[in-house]
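Be aware that the sequence shown starts at 164, since it is given in the numbering used here, and climbs by one per residue.
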Amino acid sequence: MQAQVVILDFGSQYTQLIARAVREQGVYCEILPGTAAADKVLSRNPKALILSGGPSSVLAADGLFADKQILEAKLPMFGICYGMQILAKHFGGVVTGWGRAAHAADEAQTGADESGIREFGRAEVSLASAEGPFKALGGQKTFTAWMSHGDKITQNPPGFRTIATSEGAPICAFGDEARKIYGVQFHVEVHHTPQGKEILKSFLFDVAKLEKDWNPAQFADTVIADVRAKAPQGNVVCGLSGGVDSTVAAVLVHKAIGSRLHCIFVDNGLLREGERDDVEKFLKPLGLNLHIVDASRRFLDELKGVTNPEQKRKIIGRVFIDVFEEEAQRIEAVEYLVQGTLYPDVIESVSVVGQSVTIKSHHNVGGLKDVMKLKLIEPLRELFKDEVRVIGRGLKIPDKIIDRQPFPGPGLAVRCLGEITDDKLVRLRRADSIVREEVERADLATVIWQSFAVLLPIQSVGVMGDGRTYEQTIAVRAVTSVDGMTADWYMFPEEVLRRMASRIINETPGVNRVVLDISTKPPSTIEWE
Ligand code: XMP
164 MQAQVVILDF GSQYTQLIAR AVREQGVYCE ILPGTAAADK VLSRNPKALI
214 LSGGPSSVLA ADGLFADKQI LEAKLPMFGI CYGMQILAKH FGGVVTGWGR
264 AAHAADEAQT GADESGIREF GRAEVSLASA EGPFKALGGQ KTFTAWMSHG
314 DKITQNPPGF RTIATSEGAP ICAFGDEARK IYGVQFHVEV HHTPQGKEIL
364 KSFLFDVAKL EKDWNPAQFA DTVIADVRAK APQGNVVCGL SGGVDSTVAA
414 VLVHKAIGSR LHCIFVDNGL LREGERDDVE KFLKPLGLNL HIVDASRRFL
464 DELKGVTNPE QKRKIIGRVF IDVFEEEAQR IEAVEYLVQG TLYPDVIESV
514 SVVGQSVTIK SHHNVGGLKD VMKLKLIEPL RELFKDEVRV IGRGLKIPDK
564 IIDRQPFPGP GLAVRCLGEI TDDKLVRLRR ADSIVREEVE RADLATVIWQ
614 SFAVLLPIQS VGVMGDGRTY EQTIAVRAVT SVDGMTADWY MFPEEVLRRM
664 ASRIINETPG VNRVVLDIST KPPSTIEWE
């Protein structure tokens, strides 16, 4: 699908939010690295550009910059934060550094603002004139916005006018009506800027005159037609985990090619209570051709005596690939593999912070593509997770799957600390299903990103009846998050915690203590291993 808007990414943590906000308005957009060459960007024939924020400084020698040819392409442009500063610098305005130390080399030309104010967080913005996308605010004179900047624009480029000001940014929004170029120092894409979506919407439709062309539910028909064209014959395999991505991917492909799709669900013995039955119960009625492979003994045998988290993950990944391949080889003439790759996995990023380290080796079907020489079908590669959910609901996939919390590929193995044994898994499964039941009873399942039990490899003393106990501990972990990259611990209502803890101790043999994990990510991770 052709993007009407290209978002040039300069490394902001909010770039994906911009893309989602644009698509929410019914406009298809794509993200490209802010430093991409002009022909790469312009060959896509965008009708408008958005320049994201970012951590660098246009005053620094190594500050990221857009290819000048792109900025001169006479397209409507909207710069956000750092993106606005790029516009200011390119079109001849003045950007002033914050403090002397940060950009010493450039200060002679720009004049450092030693007494300057950096703005982080909420700020009050005053409108100087309601023009361009600000007309949409209907005469409102001030509003609250989310800021995060050190450098600021102190002089407009020729032809630009100040549209709004704030305490820390004398030119907090500017624009050139004739060239249809606007910039804002604040973040329109975050929900802390309540008017942000109105401003962005007005840029898309009133300034850039775009048309609505994006509706994820209708997009499903395009995907189905594409898959049918891509795989006119031969069989297709799909690893089904029971999660939302693999299920929606499978149902879409099934609509395209029917029983030529074979869905393989591997029971690795590390699933939550009832998970395998749920997959059968919910997915069989959708008509999917399901191959359920019980490989639990094989996984658990391979994991015997293993305590190192990374080693556990590697074993599970390897055995999964073996089992999946063996099952796929039983199916005749397999030519394609379905993967639930999402748009955030395929966005090329600008490298601002260098190489990231591997914290945990993730396991999912992705690892298969090097092993099996199959052609890939990735029906979700243009979609964000929330769009996948919209499509899933349209396909009548039950809410229980669509709203399911993320569950890691290595399953309960990374929540059963130390060596994994059958007994420990029984304990963990029981405690975990109590956490799930209580979260559902309190109607919190979709408020919380993930909530689960972790079985700790320690024993402590307790008293039950008149006897002394020496048993294991369950940690309850519940976090809120938007993408799993960062997370905050979730504070349950007291009565939910009380009921959960007392049920876990009363109903889980071998457990006499419950603790609550109150660590954020970072520095902790969501899973314990
Ligand atoms: P961490 O523990 O790194 O987890 O904070 C971040 C998110 O990723 C999930 N997770 C996985 N998902 N395969 C997956 O598909 C994996 O191997 C895996 N390990 C962790 C985790 O549940 C959380 O949502």
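Ideal placement from N, C-alpha and C gives every residue a C-beta, glycine not left out. On a predicted model such as this, the values are computed, not experimentally measured, just so you know.
Contact annotation: phenylalanine 483 and valine 429 have beta-carbon atoms nearer than 8 Å. Taking 7 Å as the cut-off, the C-beta of threonine 683 does not count as close to any heavy atom of the ligand XMP. The ligand XMP approaches proline 569 closely enough that one of its heavy atoms is under 7 Å from the residue's Cβ. Contact holds between the segment 318 to 330 and the segment 281 to 298, because three or more Cβ pairs, one in each stretch, are under 8 Å apart. In the displayed model, lysine 343 falls within coil according to three-state DSSP, outside both helix and strand. A straight-line Cα-Cα distance of about 11 Å links methionine 240 and isoleucine 249. Exclusion of proline 472 from the 7 Å shell around the ligand XMP follows from its C-beta lying no nearer than that to any non-hydrogen atom of the ligand. Within the segment 343 to 375, the complete alpha helix (DSSP H) segments at least 4 residues long are 359 to 365, listed from N- to C-terminus. Annotation for histidine 417: Leu424, Leu451 place their beta carbon closer than 6 Å to its own, counting only its chain and skipping 5 residues before and after. Counted as a single uninterrupted DSSP element, the alpha helix (DSSP H) harbouring proline 472 occupies residues 472 to 493. Look at proline 379 here: in three-state DSSP terms it is helix. The alpha-carbon separation between methionine 627 and leucine 660 amounts to approximately 20 Å.
Fully enclosed alpha helix (DSSP H) runs of no fewer than 4 residues occupy 407 to 420, 438 to 446, 459 to 465 of the segment 382 to 466, in order along the chain. In this structure, the C-beta of glutamine 613 approaches the ligand XMP to less than 7 Å from one of its heavy atoms.
Under the Cβ criterion (8 Å, minimum of three pairs), the segment 374 to 383 does not count as touching the segment 215 to 226. Residue range 315 to 318 is occupied by the beta strand (DSSP E) that includes glutamine 318.
For alanine 650, the beta-bridge partners assigned by DSSP are Lys684.
Scanning its chain for C-beta atoms nearer than 6 Å, with the 5 sequence neighbours on each side dropped, one finds around phenylalanine 547 the residues Arg183, Tyr506, in chain order. Proximity of the beta carbon of arginine 476 to the ligand XMP is indicated: a heavy atom of the ligand is located closer than 7 Å. For aspartate 595, the CB contacts under 8 Å within the same chain, skipping 5 residues up- and downstream, are Arg435, Glu436, Leu575, Arg578, Phe615, Ala616 in chain order. Take threonine 325, set aside five residues on each side of it, and the residues of its chain with a beta-carbon closer than 7 Å to its own are Ala291, Asn319, Ile334, Phe337, in chain order.
Relative to the ligand XMP, lysine 210 has its C-beta separated by 7 Å or more from all heavy atoms.
Going by C-alpha positions, phenylalanine 297 is about 28 Å away from glutamine 165. Contact between phenylalanine 323 and tyrosine 245 is absent: CB atoms are separated by about 17 Å, not below the 8 Å threshold.
The Cβ neighbour count for lysine 315, taken over all protein chains shown within 10 Å, is at least 16; the residue is labelled buried.
No Cβ-Cβ contact shorter than 8 Å links leucine 367 with valine 351. The closest CA to that of arginine 281, considering only Ile522, Ala299, Ile344, Phe349, is found on Phe349. A direct Cα-Cα distance of roughly 36 Å separates asparagine 431 from glutamine 176. Bounds of any alpha helix (DSSP H) do not take in alanine 199, whose DSSP letter is neither H nor E. DSSP places glutamate 235 outside any alpha helix (DSSP H), giving it a letter other than H or E. Of Thr584, Glu550, Leu580, the smallest CA-CA separation from isoleucine 637 is found for Leu580. For glutamine 622, the enclosing beta strand (DSSP E) starts and ends at 613 to 627. The three-state secondary structure of histidine 525, taken from DSSP, is coil.
Linking leucine 539 to isoleucine 455 through their CA atoms gives a straight-line distance of about 22 Å. Under DSSP, the beta-bridge partners assigned to histidine 312 are Glu282. Closer than 7 Å to some heavy atom of the ligand XMP: that describes the Cβ of isoleucine 689.
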